[in-house]
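Below is one structure, written out as structure tokens, with a few remarks after it.
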Amino acid sequence: MGGPRRPGPAVVALATVTALAVALLGSCARDGGGTEPGGGGRTTVTVGTFGVFGYKQAGLYAEYERLHPDVTIKESVIERNDTYYPQLLTHLAAGSGLSDIQAVEVGNIHDVATTQADRFEDLSRARGVHKGDWLDWKWAQATAADGRTVGLGTDIGPIAVCYRKDLFQKAGLPTDRDRVGRLWAGDWQKYLDVGRAYRRNAPSGTVFTDSAAGIYNASIHGYAERYYDRRGRAVYRKSPAVRASWRLAVQAARGGLTARLKQFEKPWDQAFANGRFATVACPPWMLGYIKEKAGPAGKDKWDVAAAPRPANWGGSFVTVPRAGRHRAAAVALAVWLTAPEQQAKLFDRQASIPSTPASYAMPLVRDARNPYFGGAPTGRIFAEAARNIPTLVIGPKEQQIGTAFTDVAIPQVEQQGRSPRAAWKAAQKEIDNAVDA
Amino acid sequence: MTATAEAARDTQAPPPEGPGKERTRPRPWRSRLCRWDVRYSPYAFVAPFFLFFSAFGVFPLLYTGWASLHRVELSSPDHMEWAGAHNYLRLLDDDFFWNALRNTFTIGVLSTVPQLLMALGLAHLLHFRLRAASFWRVALLTPYATSVAAATLVFVLLYGRDYGMVNWALGAAGIGPVDWQSGRWTSQLAVSSIVIWRWTGYNALIYLAAMQAVPDELYESAALDGASRTQQFRHVTVPALRPTILFTVVVSTIGATQLFGEPLLFGGAGGQKGGAAHQFQTLGLYLYEQGWYDFHLGRASAVAWTMFLILLLIGAVNAVIARQLGKTR
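Chains as they are written, first to last, in my numbering: chain Y, 289 to 725; chain C, 2 to 330.
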């Protein structure tokens, strides 16, 4: 890591050694989470997550500590999953440096369940766990072939479409969320048709949606078999899901329907602030992001409508590694955090949609309205979308294959103006290189 | 060095009583301890460095070499399967690898050449008698003191396609917006500019130090011969600086070969690919992508060792040139 280094070799070596020594000592210190001396036998349970899970923000840790005075909870957060997950793998292999509870993103859960299952507690046997509490597909994703369940589902990412009422009105489109949802119900192709209608009367300086990769993701995550079929065979060359989603993305890119942006980058944030695009396919976890980036100026301009087809994008699990220090306490905490009541509380604070359908009937979810998005009943909209999501088949190189389309092929067409045929080939080559051992 | 040399002389000096008696009567403990002290203490003093260096430098290097001969995946790093030279042979017809090598070379040239030329010019200017000389020198060094991450993130904003300041300035000059990140040359220029910005001042200071060691008489006699300032620079300063220039070229080349942080952060989310068409993916990024994104640790190790061999090659070329320079002078 690090850029060019110019000092002499001795200085470099010394600096490296110092840095490594500090890192080593640091990691040793982190290992020693255990029972604090003289703390009256208090147990410190550590929780490792990526991004913001919101347990702390929603006060769930504090509540659990009140219920169990002998337990203290410490959370360590790594911002991005692509930094977090490789580190988790090396810690698992080394059998040290692990938190008592480790979060795992949906894109990695298949890997964990198939290649690492023996390094995790089987949570299906834990006290207080009822398989039936979770959506079937969510439970299945974290379950290994031998029936061991290595992770309990936290949130899921049912997709809706966030849209700007003011821009829709100027473009002569309906603004009411139910009518907007009906415009494209059933097919993402209809969503593109609305986009073309928008383009004809678009307010100047605006386009229909942010990025072709966003449409691709929203579409492909609605199919049960995408990159792998149920028997685990790689089908990314031919699967109808990939083909259909690719066609949609190419149409959007070449039809001038997108702002040619890359999601989660600075220009994307700036485009939210500047009101550059009218719609974006949004899982619930994106609502907070939009609110933050669009700022007070976007209040009451944004609204949420149902997506053309139910789809799931994102979501996570919590696991308990066997090499952790306080396995029993960690299992108890994991079970409590993912119980329907707690998931509902988390939704209230963090807008993450529970993976436990029982939560949907709870007032915290059922009656939830999002004031920033024009008082949209987000609990009802996303819960409705969640019910109809198919059981998503996940394979080993899910993320690498996905980014070959969203980060390579689609931007090649959308931003670099290459032909779809050449870009498709580039994606296949990219995938071949990634999956080849 | 002097201590060990003395110790060596000490042992080689013939004992006063002749060799026969020496064997029968051992030397007193004190003098032997003293001798050991002189002889071995220097090793003890340098040992910590070498212990750390072997633990964190040599061992990883060798282990990486060992791993590069195996199939190893990050999902189970302790499971290694012997693969022989497979990982290296595979690189030979790996288009992504050659692309990264080409990019590393072009970005290296684009960043190193202007950087060193500008540094030389700046050093020449600083060599004049200036007001607040130390202020200018410190100012030159500030980019070097900023973190790669902070500097790159600012440059990313400057080079933004839709809302960047560079495009705004170009627009004011009547030139259409440039999509800096998407184009092969534009993206490489942008990455190079970050490197140039960070390292020019540092090299300028090195040149300045070398210039101050050039004896004034050379300039005086050149002036007597009627040489202008520019001629003095070309015919006195530059030849005198030759070893320093060679040094900076080598160090910059090593830095350019290892270029990583700037292109990674310039690429934003998913920056390890170095753009949608890998247009600014360097060897360092390809290594990172293979190891920590595609989880092929064995292949990443092979890339790392290939980079190491390339650096050894550069070092060898440097040694040859340095020897030639030594001969001509």
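Beta carbons are placed, not taken as given, at the ideal position from N, Cα and C, and that holds for glycine. Quick caveat: nothing in here was measured; it's all calculated off a predicted structure.
Chain C residues whose Cβ lies nearer than 7 Å to that of residue i
i: Y:N369; result: Chain C residues near Y:N369: none, gap ~11 Å exceeds 7 Å.
i: Y:H552; result: Note that residue 552 of chain Y is Phe in the sequence shown here, rather than His. Residues of chain C passing the Cβ test: A270.
i: Y:D399; result: S76
Simplified DSSP state of residue i, which is helix, strand or coil
i: Y:F661; result: coil
i: C:S112; result: helix
i: Y:D443; result: strand
i: Y:I682; result: coil
i: C:F156; result: helix
i: C:S42; result: helix
i: Y:G602; result: strand
i: Y:V608; result: coil
i: Y:K526; result: coil
i: C:R72; result: strand
i: Y:I389; result: strand
i: C:W83; result: strand
i: Y:K419; result: helix
i: Y:F738; result: An answer regarding residue 738 of chain Y cannot be provided, because it is not within the stretch 289 to 725 covered by chain Y.
i: Y:V333; result: strand
i: C:E23; result: In this predicted model, C:E23 has a pLDDT of only 47, less than 50, meaning its place in the structure is not dependable enough to derive any value.
i: Y:P325; result: With a pLDDT of 42 at Y:P325, under the threshold of 50, the modelled position of that residue is not reliable, and the figure given next carries that caveat. Coil.
i: Y:V365; result: strand
Chain-ordered neighbours of residue i on chain Y, where CB pairs are closer than 8 Å
i: C:L206; result: Ordered by position in chain Y, no residue passes the 8 Å Cβ test against C:L206, which lies about 11 Å from the chain.
i: C:E74; result: A725
i: C:S183; result: P699, Q703, Q704
i: C:A278; result: V696, Q700, Q704, R706, A714
Local Cβ density within 10 Å of residue i, reported as buried at 16 or more and exposed below that
i: C:Y64; result: exposed
i: C:T249; result: buried
i: Y:K406; result: The question names Lys, yet the displayed sequence has Asp at residue 406 of chain Y. Exposed, by the Cβ-count rule.
i: C:L34; result: exposed
i: Y:R610; result: exposed
i: C:Y333; result: In this structure chain C extends from 2 to 330, so residue 333 of chain C is not present and cannot be described.
i: Y:K426; result: buried
i: Y:Q404; result: buried
i: Y:P555; result: buried
i: C:M212; result: buried
i: C:N104; result: buried
i: Y:G326; result: With a pLDDT of 41 at Y:G326, under the threshold of 50, the predicted position of this residue should be treated as unreliable, though the coordinate-derived value follows. Y:G326 is exposed by the Cβ-count criterion.
i: Y:N658; result: buried
i: Y:L348; result: buried
i: Y:E702; result: buried
i: C:S112; result: buried
Separation of residue j from residue i, as counted between CA atoms
i: Y:A309; j: Y:T371; result: Here Y:A309 scores only 43 on pLDDT, less than 50, and its place in the model should not be relied on; the value that follows carries that caveat. Their backbone Cα atoms lie some 21 Å apart in a straight line.
i: Y:G586; j: Y:V619; result: 42 Å
i: Y:A461; j: C:F281; result: The sequence shown places Leu at residue 461 of chain Y, rather than the Ala named in the question. Whole-angstrom Cα-Cα distance: 42 Å.
i: Y:V400; j: Y:G683; result: 11 Å
i: C:R230; j: C:D217; result: 14 Å
i: C:Q259; j: Y:V495; result: 41 Å
i: Y:A566; j: Y:R519; result: 40 Å
i: C:V47; j: C:P61; result: 21 Å
i: Y:S707; j: Y:A639; result: 39 Å
i: Y:E629; j: C:V73; result: 43 Å
i: Y:G603; j: Y:K344; result: 18 Å
i: C:A205; j: Y:K581; result: 42 Å
i: Y:R564; j: C:L158; result: 17 Å
i: Y:I447; j: Y:S499; result: 16 Å
i: C:G269; j: Y:T497; result: 20 Å
i: C:V192; j: C:F267; result: 7 Å
Chain C contact residues for residue i, given Cβ-Cβ distances below 8 Å
i: Y:D406; result: Residues of chain C passing the Cβ test: none, with the nearest at roughly 11 Å.
Neighbouring residues, chain C, relative to residue i (Cβ below 9 Å)
i: Y:P374; result: L75, G292, W293, Y294, F296
i: Y:P403; result: Checking the sequence, you will find Thr at residue 403 of chain Y rather than Pro. Under the 9 Å cutoff, chain C gives E74, S76, S77.
i: Y:N600; result: Under the 9 Å cutoff, chain C gives no residues; its nearest Cβ is about 21 Å from Y:N600.
Within chain Y, the residues that residue i reaches when beta carbons sit closer than 9 Å
i: C:D94; result: The premise fails here: C:D94 is roughly 11 Å from chain Y at the closest Cβ pair, so nothing lies under 9 Å.
i: C:F97; result: K717, E718, N721
i: C:D180; result: R548, Q703, Q704
i: C:A301; result: None at all; the shortest Cβ gap to chain Y is about 11 Å.
Identify each residue in the segment 139-164 of chain C for which the Cβ-Cβ distance to at least one residue of chain Y is less than 7 Å, and report them in chain order. Cβ proximity to chain Y below 7 Å picks out V149, V157, L158, G161, R162, D163, Y164 from the segment 139-164 of chain C.
Interface residues of the segment 377-392 of chain Y facing chain C [CB-CB below 7 Å]: Under the 7 Å Cβ criterion, the segment 377-392 of chain Y contributes L377, T378, A381.
Taking any Cβ of chain C, which residues in the segment 675-698 of chain Y have a Cβ under 7 Å from it, in chain order? From the segment 675-698 of chain Y, only Q688, T691, D695, V696 have a Cβ closer than 7 Å to chain C.
Compile a chain-ordered list of the residues in the segment 258-274 of chain C whose CB is closer than 7 Å to at least one CB of chain Y. Considering only beta carbons, the part of the segment 258-274 of chain C lying closer than 7 Å to chain Y consists of Q259, L260, F261, G262, E263, G269, A270, G271, K274, in chain order.
Tell me which residues of the segment 554-575 of chain Y have at least one Cβ-Cβ distance to chain C shorter than 8 Å, keeping chain order. Residues K554, P555, Q558, A559, N562, R564.
Using a Cβ-Cβ cutoff of 7 Å, what residues of the segment 419-453 of chain Y are near chain C? List them in chain order. Hits within the stretch: zero.
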